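Chemist: For the sequence shown, the positions run 902 to 1043 when the numbering used here is used.
All residues carry an ideal CB built from backbone N, CA and C; glycine is no exception.
Since the structure is predicted, the reported quantities are computational estimates derived from the model, not experimental observations.
There's a structure below that I have some questions on.
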Amino acid sequence: MGRNGLGGSGRGTPSVKSTGHGRILVVAASPINRIVISRMVERVYLKAIAVAPEAALDALATKSPALVIVDGGGHGDLDGLMSSIISQRQAQAKDLPRIVLIIEPSQQESLSYEGVVDAVVAKPITPEALQPVVERLTRDAI
């Protein structure tokens, strides 16, 4: 159980929060998934900004998140977002957020975002699976 009885590892990520880059962008087509994933992120003391895939590019440009969590969930509407991130990473390798992709286990074999995605988490998504990945990537991002 973490600090204040909220769960998580209790370690937090003070180095990310102290730089002001503790924002995590959560992109999911399902409003329920946006809420669930955001709550998991908040349990490790980070600020989650949840958006639909249609609003993701704008949020990526205006919010400057340290990490982007993309719920792949078999939705083709995320291809545009991933293509844009690939283009940005090729154009400038600095100051871009880390990317976590959440996918169905059946999608692991056909993953086409190698070199862009920093971590892949298979569904069903649980705090035990997601929180250590978020903590590691936000700690490594600085």
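1) If we ignore side chains and look at the alpha-carbon of each, how far apart do Ile936 and Glu1036 end up?
2) Taking buried to mean at least 16 other C-beta atoms within 10 Å of its own C-beta, is Asp1041 buried or exposed?
3) If I follow the unbroken beta strand (DSSP E) through Leu961, where does it start and stop?
4) When burial is assigned at 16 or more other CB atoms within 10 Å of the CB, is Thr1039 buried or exposed?
5) Please return the same chain residues whose Cβ sits closer than 8 angstroms to the Cβ of Pro1025, not counting the five positions on each side in sequence.
6) So, for Ala960: in the same chain, excluding its five sequence neighbours on each side, which residues have a beta-carbon less than 7 angstroms away from its beta-carbon?
7) Measure from the alpha carbon of Ile970 to the alpha carbon of each residue in Ala992, Ile938, Leu947, then state which is nearest.
8) Looking at the secondary structure, which residues open and close the alpha helix (DSSP H) in which Ala1054 lies?
9) Just how far apart, CA to CA, sit Leu1047 and Gly923?
10) Among Ala956, Tyr946, Leu947, whose alpha-carbon lies nearest the alpha-carbon of Ala929?
Modeler: Straight from the coordinates:
1) Taking the sequence shown and counting its residues from 1, the one referred to as residue 936 is at position 35. Taking the sequence shown and counting its residues from 1, the one referred to as residue 1036 is at position 135. Whole-angstrom Cα-Cα distance: 19 angstroms.
2) In the sequence shown, the residue the question calls residue 1041 occupies position 140. Exposed, by the Cβ-count rule.
3) Your numbering for residue 961 matches position 60 in the sequence shown. Unbroken run through Leu961 is the alpha helix (DSSP H), 954 to 964; no beta strand (DSSP E).
4) Here the question's residue 1039 lines up with position 138 in the sequence shown. With 16 or more Cβ atoms within 10 Å of its Cβ, Thr1039 is classed as buried.
5) In the sequence shown, residue 1025 corresponds to position 124, counting from 1. Excluding residues within five positions, none has a Cβ falling inside 8 angstroms.
6) Residue numbering aside, residue 960 sits at position 59 when the sequence shown is read from its first letter. Cβ within range, chain order: Leu926, Ile950, Val952.
7) Your numbering for residue 970 matches position 69 in the sequence shown. Ranking Ala992, Ile938, Leu947 by Cα distance to Ile970 puts Ile938 first.
8) Summary: the structure shown does not reach residue 1054, with the chain confined to residues 902 through 1043, and so no result is reported for it.
9) This structure does not reach residue 1047, given that the chain is present from 902 up to 1043, and the question cannot be answered.
10) In the sequence shown, residue 929 corresponds to position 28, counting from 1. Of Ala956, Tyr946, Leu947, the residue nearest in Cα terms is Ala956.
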